[in-house]
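Counting along the sequence shown from 1, when you hit position 169 you're at 170 in my numbering, and nothing is skipped either side. Idealized CB from N, CA, C, for every residue including glycine.
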Amino acid sequence: MSPQSSFDQVLDQCLDDVRTGRRSVAECLARWPRHAATLEPLLRTAATLGSLATADVPDATVDPRRRAAFMAALAVTPQQRPGWSASRAFSRFGGWLRGTIRMAAIAAPVAIVALVLMFGRGTPAGAATLTVFSGTVERVEGDHWVSVADDARLMEGARLRTDAAGRAVLTFEDGSTVAVDPQTELAIERARVGTSREIAVRQWSGRLWSHVEPSDRAGASFTVRTPEATVVAHGTVFETAITEGETAVNTAEGVVEVQAGQQKQRVAQGESATARPSAVVSAPERARSLVPAEISIDGPFAVSLIGPGGRATGTRPDGIVYQQIPGAVFGASTAGQRLAVGGVEAGAYTVVVRRTGAGEGAVRFTVAGVERSLALTADSDAATVPLRVSAEGGRTRLDADGDGPNREGPRFTSGTPVAAAQERVVVTEQQRERAAQRRGEEASATPLRRPAFAPTPTIGAGTPTSPPREREREGAAGATGPVPGQELRPPEQQRTPVPQRPGESPRPTEPRRETGPQRQRT
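This is the structure:
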């Protein structure tokens, strides 16, 4: 192999590493010290220009012909006249904007054209939106880590990491999200949601909780790659956690496919697998072997669970669904809504219930087969229930703050918005369309008089919690809901009348549609 051929291969590899975030410029130079002097100016130019937003393209993989065009374009610039040193000029150039005005004016357009040729026509102008809930999130710029602001728009190739307190959520254009836990490092390798969705995330450490929106487009894919495995999902909720050279994959909803080495394995809802570099090993139990608790609701209301740091799981009154809390899964059908809570971070949570139509309803909390009920009367527009979540005896425990010494209890409001911390959700146009479609389907469906839930999906290992027990029906006319501050008691101590579900609820007002791409934060 000739020296030039060897250098070309090294350059191709380094350009791809820098573009995808697998390595920084400094890491590439350290790996190839023999070529460092020649590589450095090229990689720094590529890193700088790669952060610019350009038009969407079908492909951005490195092509040797584009790399050759890049080299040829640099070869004919005025800086290549006799006596010019590429290394000294690019170092002085400092990322091509810190050089002289004349050099920037001449070299920048050529370099931009060359990089476009090399990478394709560019990357999407904003592949994902970053929501920072706590701590610090950093990204690679050149060979440095810099802090990223809340609500930042990130491109393909962005490499991120969180500190010990860092919690964040990435929202892609199709509404799919990735919740990022502390001490996690990842990169956005691919984020295309045009004619067909293609999202790929590279994870080096920590824990990700991915909510993948379903797609009926041919070839749609959502992939998480770790050092040990590749996980492919289609419309599901799953977790990938890296510890000590292993990747644990836990599926909370739907099905994922895990590949490690030459082996593949489907991991269905409630199942888990541990992946190593050469094999996929099925695991009958998750590390957090907690039996989940359940929060269910029937009636014309939307339910949401807001966690200690502000991340939330549930649905808004307009039908937008979000799954931001690792370990909590929301599901809805004509039978009602359900939140399964298992393996979540311990601490103070808030259940927020908001009206979507006329009528009465009820919220039920089921822990270890014991159910508590909270009636929602016709004049309750919203309610909040403070909860404390903990683990006890291998089970998730939910305690209403009204049970404790402060006895705050549930709060109800009528005619005004509920006074509670609201969800921070980035809403895309595709999410709005799906929510409108779901509302139409629900409006045309025949409502059930009493939810008949299937067994709760196993978020942690163990058997699902028992479905809510059937209770004696009492007339809706005699049903009275608790007053603010009233203690929620187990059914053995207090039997709360469950009102009949009303007839078909009026269809909620559809939110106003703005023109152009929608990135609404609420």
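| Asked | Found |
| --- | --- |
| Run of the beta strand (DSSP E) containing Val147, from where it starts to where it stops | 145 to 148 |
| Residue from Gly343, Ala369, Arg373, Thr378 with nearest C-alpha to Ala359 | Thr378 |
| Contact check, Thr132 vs Val364, beta carbons under 9 angstroms | no |
| Integer Cβ distance of Ala150 from Phe173, believed to fall under 8 angstroms | About 19 angstroms separates the two Cβ atoms, so there is no contact after all. |
| Pairwise C-alpha distance: Gly395 and Phe239 | 21 angstroms |
| Sequence-distant residues of its chain with Cβ nearer than 7 angstroms to Gln432 (five each side left out) | Gly176, Ile321 |
| Anticipated Cβ contact below 8 angstroms, Gly136 with Pro183, distance rounded | 7 angstroms |
| Spatial distance of Glu272 from Ile307 (CA atoms) | 26 angstroms |
| Close-in-space but distant-in-sequence residues of the same chain around Ala221 (CB under 8 angstroms, 5 per side omitted) | Ser197, Arg198, Glu199, His235 |
| Close beta carbons around Ser283, own chain, < 7 angstroms, minus the five adjacent residues each side | Gln266, Ala274 |
| Opposing strand residues paired with His212 [DSSP bridges] | Thr178, Val238 |
| Proximity below 9 angstroms, CB of Thr252 to CB of Ala261 | no |
| Top-ranked residue by Cα proximity to Ala188, from Trp210, Ala159, Ser374, Val170 | Ala159 |
| DSSP-derived helix/strand/coil call for Asp9 | helix |
| Local conformation of Val233 per DSSP, three classes | strand |
| Residue from Arg32, Gly362, Phe366 whose Cα sits closest to the Cα of Ala383 | Gly362 |
| 8 angstroms contact criterion, which Val529 and Gly143 should meet: CB distance rounded | There is simply no residue 529 to check, as the chain begins at 2 and stops at 523 in what is shown. |
| Option in Asp164, Ala47, Val181 with minimal Cα separation from Val170 | Val181 |
| C-alpha gap between Val233 and Pro318, whole angstroms | 31 angstroms |
| Buried or exposed (CB count within 10 angstroms, at least 16 for buried), Val147 | exposed |
| Which of helix, strand or coil DSSP assigns to Arg140 | strand |
| Residue environment, His212, which counts as buried when at least 16 other CB atoms sit within 10 Å | buried |
| As assigned by DSSP and simplified to three states, the class of Gln263 | coil |
| Ala188 - DSSP class collapsed to helix/strand/coil | strand |
| Glu295 - containing beta strand (DSSP E), residue span | 294 to 299 |
| CA-to-CA distance, Ala153 to Glu442, given in whole angstroms | 35 angstroms |
| Under 9 angstroms between C-beta atoms of Ile243 and Thr224 | no |
| Gln431 (DSSP reduced to helix, strand or coil) | helix |
| Bridge-paired residues (DSSP) for Thr275 | Ala249, Val282 |
| Buried/exposed call for Ala349, threshold 16 Cβ in 10 Å | exposed |
| Minimum C-alpha distance to Arg439 - residue among Pro215, Gly344, Pro309 | Pro215 |
| Three-state secondary structure assigned by DSSP to Thr199 | The amino acid at residue 199 is misidentified as Thr; the sequence shows Glu. Three-state DSSP puts Glu199 in a strand. |
| Neighbourhood of Ser532 by C-beta distance below 7 angstroms, restricted to the same chain and skipping five residues each side | Past the edges of the chain, shown from 2 to 523, lies residue 532, and the structure says nothing about it. |
| Nearest neighbour of Val330, chosen from Ser297, Gly311, Gly310 [CA to CA] | Ser297 |
| Contacts around Ala436, its chain only, beta-carbon distance under 7 angstroms, and the 5 residues preceding and following it disregarded | Asp319, Gly320, Ile321 |
| Glu524 burial status per 10 Å Cβ neighbour count (16 or more: buried) | Here the chain covers residues 2 to 523 and nothing more, so residue 524 does not appear. |
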